[in-house]
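One structure is given here, and the rest of the page talks about it.
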Amino acid sequence: MTITVRAAAKFNLHLGVGPVREDGFHPLATVYQAIGLYDDVTVSEAAEWQVTLTAEDHIALGEIPTGDDNIVVRAGRAIAAHHGIDKAAKVAIHKGIPVAGGLAGGSADAAATLVALDRLWALETSDEDLLSLAGQLGSDVPFALIGATAIGGGRGEIVEPVTDNGSWWWVAVGNEQGLSTPAVYRAFDELAGTEIGDPQVPESLLMALEKGDASLLAEALTNDLQAPALALRPDLAQTFADGAEAGALAVQLSGSGPTVLMLCRDAAHAREVAGAMQAKAYDRVWTAPGPVAGAHVVTY
Ligand code: C5P
Numbered sequence: 001m002t003i004t005v006r007a008a009a010k011f012n013l014h015l016g017v018g019p020v021r022e023d024g025f026h027p028l029a030t031v032y033q034a035i036g037l038y039d040d041v042t043v044s045e046a047a048e049w050q051v052t053l054t055a056e057d058h059i060a061l062g063e064i065p066t067g068d069d070n071i072v073v074r075a076g077r078a079i080a081a082h083h084g085i086d087k088a089a090k091v092a093i094h095k096g097i098p099v100a101g102g103l104a105g106g107s108a109d110a111a112a113t114l115v116a117l118d119r120l121w122a123l124e125t126s127d128e129d130l131l132s133l134a135g136q137l138g139s140d141v142p143f144a145l146i147g148a149t150a151i152g153g154g155r156g157e158i159v160e161p162v163t164d165n166g167s168w169w170w171v172a173v174g175n176e177q178g179l180s181t182p183a184v185y186r187a188f189d190e191l192a193g194t195e196i197g198d199p200q201v202p203e204s205l206l207m208a209l210e211k212g213d214a215s216l217l218a219e220a221l222t223n224d225l226q227a228p229a230l231a232l233r234p235d236l237a238q239t240f241a242d243g244a245e246a247g248a249l250a251v252q253l254s255g256s257g258p259t260v261l262m263l264c265r266d267a268a269h270a271r272e273v274a275g276a277m278q279a280k281a282y283d284r285v286w287t288a289p290g291p292v293a294g295a296h297v298v299t300y
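Numbering (our numbering), first residue to last: 1 to 300.
Set out below in structure tokens:
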């Protein structure tokens, strides 16, 4: 038997970051949205852990490990250990989410693996336990389970759905050179100094989501990691300028980058902005709707 689970990329509509904690993580007040770029994870019975990788066109597989340090193997071992069973599986990942792009592709794969193995091994893990296992695997993994639009607190792992009445359209512009998340957080610490307060989710953003109004959302987007990421990668400023010139309502870095997201009015506008970016010789350009579902079974 094989089980395939699909999981979406995330974009942080708001990413508020506080002063570094004693455990090295940063407190976050973030609003996640799941957007329509997907990885598919297919699991099947096997005596040993095995990971295989394939990808859509224009997605470079880069440096993803396929051994024990791959996050899907950590996810598989974690759910097996939680149930006290000694099993392994073959995990085939098909990537449609750009790698190391700030879109939480690895987290999506981990969430998909938890859901797929739960089904393959008929474990019937409770939602609460799945979320807790997900939180131990990475800050963005619980959100990849629930999808849609949600507030993230703690280090990002405490998720709470929010009302989102919009049908949003995004253009994502990738970059061939990845950015290290810890390096961006370190640059944030250097730029922010010690005088920063606890992060908050702005009311104006929640209002824009409730109204489903793209021009209000355009004004409410914020990302505290954008300035430090741009300090490390000044070349990205050109993508921001090109997005504005292409007619996007707003342009913002995704998470710790380097993928840049452009808010559009609707699907036709997104195609227009994507075409304008391609005409400027960007070759990693995707259109994506949001919000979309969290990790879900797509075939049996
Ligand atoms: O949780 P995750 O494995 O995705 O985090 C990757 C790295 O990003 C952490 O090791 C840490 O350096 C940084 N991070 C952080 N604060 C967060 C989330 C991530 O400093 N809230």
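Here a beta-carbon is modelled for each residue, glycine too, at the ideal position from N, C-alpha and C.
Would you list the one or two residues that DSSP bridges to Ile3? In the DSSP assignment, Ile3 is bridged to Val43.
Pick from Ala78, Ile146, Ile79: whose alpha carbon is nearest that of Val159? The option with the nearest alpha carbon to Val159 is Ile146.
Would DSSP call Ala148 helix, strand or coil? DSSP places Ala148 in coil when its eight states are reduced to three.
Are at least three pairs of beta-carbons, each pair with one atom in the region 186-201 and one in the region 18-33, less than 8 Å apart? Result yes; three or more Cβ-Cβ pairs closer than 8 Å.
Let me know if Asn165 comes out buried or exposed under the rule of 16 or more other beta-carbons within 10 Å of its beta-carbon. By the Cβ-count criterion, Asn165 is exposed, with fewer than 16 other Cβ atoms from all chains shown falling within 10 Å of its own Cβ.
In chain order, which continuous runs of the beta strand (DSSP E) of length 3 or greater are located wholly inside the region 144-219? Entirely contained in the region 144-219, the beta strand (DSSP E) runs reaching 3 residues are, in chain order, 149-153, 158-161, 168-173.
Could you spell out where the beta strand (DSSP E) holding Leu261 opens and where it closes? Per DSSP, the unbroken beta strand (DSSP E) holding Leu261 starts and ends at 260-264.
Kindly indicate the opening and closing residues of the beta strand (DSSP E) around Gly290. Per DSSP, Gly290 belongs to the beta strand (DSSP E) from 285-290.
Phe240 to Ala281, Cα distance in whole Å? Straight-line Cα distance between these residues: approximately 14 Å.
Give, in chain order, every unbroken run of the alpha helix (DSSP H) that is at least 4 residues long and sits entirely within the region 89-132. 105-120, all fully within the region 89-132.
Between the region 47-60 and the region 135-146, can you find at least three pairs of beta-carbon atoms closer than 8 Å? Using a C-beta cut-off of 8 Å, the region 135-146 makes no contact with the region 47-60, since fewer than three inter-stretch Cβ pairs fall below that distance.
Residue of Glu157, Ala116, Ala108, Ala220 minimising C-alpha distance to Ser132: If we check each option's Cα against that of Ser132, Glu157 comes out closest.
Between Ser167 and the rest of its own chain, which residues show a CB-CB distance below 6 Å, the 5 nearest in sequence each way excluded? Its chain contains no residue whose beta carbon lies nearer than 6 Å to that of Ser167 once the 5 sequence neighbours on both sides are disregarded.
Close-in-space but distant-in-sequence residues of the same chain around Leu205 (CB under 7 Å, 5 per side omitted): Here the set comprises Leu13, His14, Val31, Ala220.
Write down every uninterrupted run of the beta strand (DSSP E) in the region 26-83 whose length is 3 residues or greater and which is fully enclosed by it, in chain order. As summarised for the region 26-83, the continuous beta strand (DSSP E) elements at least 3 residues long and confined to that stretch are 28-46, 50-55, given in chain order.
Same chain only: Cβ atoms within 7 Å of Asp242, ignoring 5 sequence neighbours per side: For Asp242, same chain residues with a beta-carbon under 7 Å away, outside a window of 5 residues either side, are Met277, Lys280 in chain order.
Does the ligand C5P have even one heavy atom less than 8 Å from the beta-carbon of Asp140? Within the cutoff, so yes.
Who are the Cβ neighbours of Ala293 in its own chain at under 8 Å, not counting the five residues just before and after it? Shown here for Ala293: same chain residues with a beta carbon closer than 8 Å to its own, the five before and five after excluded, namely Ala8, Ala34, Gly147, Ala148 in chain order.
Terminal residues of the alpha helix (DSSP H) in which Ala229 lies: Element bounds for Ala229: 226-232.
Is the region 60-76 in contact with the region 89-106, if contact means three or more CB pairs nearer than 8 Å? Enough Cβ pairs lie closer than 8 Å, so yes.
Kindly indicate which three-state DSSP category Leu236 falls into: helix, strand or coil? In this structure, Leu236 counts as helix in the three-state DSSP scheme.
Buried or exposed for Leu225, please, with buried defined as at least 16 other CB atoms from any protein chain shown within 10 angstroms of its CB. It is buried - the Cβ of Leu225 has at least 16 other Cβ atoms within 10 Å.
Is Leu28 near the ligand C5P, judged by its Cβ being under 8 Å from some heavy atom? For Leu28, the distance from the CB to the nearest heavy atom of the ligand C5P is below 8 Å.
Going by beta-carbon coordinates alone, are Ala88 and Leu114 separated by less than 9 Å? Against a cut-off of 9 Å, the Cβ pair of Leu114 and Ala88 comes out as no contact.
Rounded to a whole number of angstroms, what is the C-alpha to C-alpha distance between Pro182 and Trp170? Whole-angstrom Cα-Cα distance: 26 Å.
I'd like to confirm something about Val20: is its beta-carbon nearer than 8 Å to some heavy atom of the ligand C5P, or not? Relative to the ligand C5P, the nearest heavy atom lies less than 8 Å away from the CB of Val20.
Range of the contiguous beta strand (DSSP E) that encloses Val298: The continuous beta strand (DSSP E) containing Val298 extends over residues 296-299.
Starting from Leu251, follow the beta strand (DSSP E) in both directions and report where the run begins and ends. Per the sequence presented here, residue 251 reads as Val, with Leu not at that position. Where Val251 is concerned, the enclosing beta strand (DSSP E) stretches over 250-253.
Is Gly156 close to the ligand C5P? I mean its beta-carbon at under 8 Å from any heavy atom of the ligand. Yes, the ligand C5P has a heavy atom inside 8 Å of this Cβ.
Confirm, please, whether the CB-CB distance from Val184 to Ala150 is below 9 Å. Not a contact, by the Cβ cut-off of 9 Å.
Between the region 250-261 and the region 95-105, can you find at least three pairs of beta-carbon atoms closer than 8 Å? At 8 Å Cβ cutoff, the stretches touch.
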